[in-house]
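Down below is the structure, laid out as structure tokens.
In my numbering, the protein residues as written are 164 to 698.
Pasting the structure below:
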């Protein structure tokens, strides 16, 4: 007897209940595995310890806009603690929703080092064997990923040495800046910090501890550098050193013409004999800028400087330093005189200062202490960092400065050129495809006394700048990038997305690491596509 055909309504009803049962049972599985995170993690044999209470500090960062609480915070005392923890989460498999974020000095801007409902590893708790300096023809230092650059500087100076490339702010962890790039005014010559690394020790998303370098596990080495924490946690780094100077000559000058300003910057970074540090910033409608400099700098011509006014103008500051030792003062002054004679700045705006090498490198920390005293440090920082190709920098400046952006009262605007040849294209960081490109950083802040509309206005300005870049085909890349959609990340990485995604699959296949970057979502036990296939 031939079976009768099932009614479509009954078929769909059965399919619905089968789907519902799969969803229900899969939810139970995930809920059971995550219902008591503390019990699961407490079984691990560690030298350090977990905290399961009062974790609000792990849900904060410098951006001060995202507060995403984890389920646990690990204070590791060894690499094994980090490896054991990640391996435990990895072995829980796709049924667990736990993720892991390495957190340094919490200087992220938009929750990138947070792990909502997951595990935050406080890297500053792990110091490893300490800072180990190796002298010789090619000096280097071995340092834990959770160590601060300021501490690294102080230790290497005991041997008359220092790293070659810096960030403007030194109270950041080694692993944190190497996961991004690490750039400052020395990068035109030495490249970013990621171009000055000899070796790394990494804990992958599988919990494996791997030593890597250009000669060993090279794919992981280059992937982690600038890799936004996606492939592993940096537990140790070997960083190149050079002889350290004792003093710095610090020079500032102003320009009123953007073309002249950028031409002089580009001339300086291309010259064989030039300054050791070259940066610049934009000043829009600021009152008394030269008077503000007088607390740290001396004008070359006090009378002319006193007559200069910046009100209502868009000006461009060129900031340069030259390193020297006390017995080289005369030679240094002659070299600076020769270099300045080639520049076309406004003569009355030449200001100079002499400070120690440490004072210059740690200059931002001085400002930090003043801002903290006024309650102006732990406030929202809606920063926007862009890398602009040289061929489009004038279009960008014309469209943004004095147009979208009417003043620079909310914070500094950095603008200075970099040489692509000093960046290693095997790393994960993405930069414009031109030999010279510019960092343009809008470092705005919103005082806690300001209302919500002030923050929204700052974010709106950022959005307007990004929209202008898109409409004008500027070809920019974000530094410290922030996107929430995979299609935007694909656009950011361009032709390099395939390699980036493959590395994720190889070293963190469950997408456990760095969930706050919002690039990959952790693999769940049953995807929606799988559900449809199963029914």
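Glycine included, every Cβ here is placed at the ideal spot set by N, Cα and C.
Check	Outcome
How would you call residue 591, buried or exposed, if buried means at least 16 neighbouring beta carbons within 10 angstroms?	buried
With residue 415 as the anchor, note down where its beta strand (DSSP E) starts and where it stops.	410–418
So, does the segment 635–647 touch the segment 591–608, judging by three or more C-beta pairs under 8 Å?	yes
Starting from residue 519 and walking both ways along the alpha helix (DSSP H), at which residues does that stretch end?	Unbroken run through residue 519 is the beta strand (DSSP E), 514–519; no alpha helix (DSSP H).
Have a look at residue 441 and residue 511 and give me their C-alpha separation to the nearest angstrom.	20 Å
Taking just the CA atoms, how far does residue 646 sit from residue 652?	6 Å
Taking all protein chains shown into account, do 16 or more other C-beta atoms lie within 10 angstroms of the C-beta of residue 610, making it buried, or fewer, making it exposed?	exposed
Going along the chain, which residues of its own chain have a beta-carbon closer than 8 Å to the beta-carbon of residue 211, five neighbours each way excluded?	237, 238, 239, 240, 241, 244, 288, 289
Can you give me the start and stop residues for the beta strand (DSSP E) that residue 500 sits inside?	It is not in any beta strand (DSSP E) - residue 500 instead sits in the alpha helix (DSSP H) that spans 492–503.
Can you give me the Cβ contacts of residue 298 inside the same chain, cut-off strictly under 8 Å, excluding the 5 residues immediately before and after it?	322, 324
Let me confirm a value: residue 466 is counted as buried when at least 16 other C-beta atoms fall within 10 Å, else exposed. Which label applies?	exposed
Could you work out which residue in 624, 291, 410 is closest to residue 569 when comparing CA atoms only?	624
Could you tell me whether the Cβ of residue 299 comes closer than 8 Å to any Cβ of chain D?	In summary, chain D is missing from the structure at hand, where a single protein chain is found.
When the distance is taken between beta carbons, is residue 395 closer than 8 Å to residue 670?	yes
Counting C-beta neighbours from all protein chains within 10 Å, is the total for residue 186 16 or more, i.e. buried, or is it exposed?	Note on residue 186: pLDDT 38, under 50, position unreliable in the model; no value is reported.
Do the segment 374–385 and the segment 407–424 touch if we need at least three Cβ pairs shorter than 8 Å?	no
With distance defined between alpha-carbon atoms, name the residue in 419, 461, 359 nearest to residue 475.	419
Could you round the C-beta distance between residue 308 and residue 337 to whole angstroms and report it? I think they count as a contact, below 8 Å.	5 Å
Specify, as a first and last residue, the run of the beta strand (DSSP E) that residue 608 falls within.	Here residue 608 belongs to no beta strand (DSSP E), and DSSP marks it neither H nor E.
So who's on the other strand from residue 454, going by DSSP bridges?	Beta-bridge pairing links residue 454 to no other residue.
Would DSSP call residue 298 helix, strand or coil?	coil
When we look at the beta-carbon of residue 184 and count the other beta-carbons within 10 Å, is it buried (16 or more) or exposed?	Low local confidence applies: a pLDDT of 43 at residue 184 is under 50, so the model's placement there is unreliable, and no value is given.
Within a Cβ cutoff of 6 Å, which residues of the same chain sit near residue 681, ignoring the five residues on either side of it in sequence?	647
For residue 498 and residue 527, what's the separation of their Cα atoms in angstroms?	27 Å
Smallest Cα separation from residue 626: which of 545, 264, 565?	545
Hey, would you say residue 417 sits closer than 8 Å to residue 508, going by beta carbons?	yes
Classify residue 246 as buried or exposed, calling it buried when 16 or more other Cβ atoms lie within 10 Å of its own Cβ.	buried
For residue 172, which of helix, strand or coil comes out of DSSP?	Unreliable positioning characterises residue 172 in this predicted model, as indicated by a pLDDT of 43, which lies under 50. A coordinate reading is not provided.
Taking Cβ positions, are residue 306 and residue 315 nearer each other than 8 Å?	yes
Can residue 444 and residue 575 be called in contact, C-beta distance under 8 Å?	yes
Give the DSSP-derived three-state secondary structure of residue 227 in the structure shown.	coil
Residue 225 and residue 270: beta carbons closer than 8 Å?	yes
Run through DSSP, which three-state label would residue 191 get?	Note that residue 191 scores a pLDDT of 39, beneath 50, so its modelled location is shaky and nothing firm can be said.
Given this structure, state the Cα-to-Cα distance separating residue 471 from residue 453, to the nearest angstrom.	8 Å
Any idea which residues DSSP pairs residue 340 with across the strands?	BP columns for residue 340 are empty, so no partner.
Quick check: the Cα distance between residue 502 and residue 432, rounded to an integer number of angstroms?	12 Å
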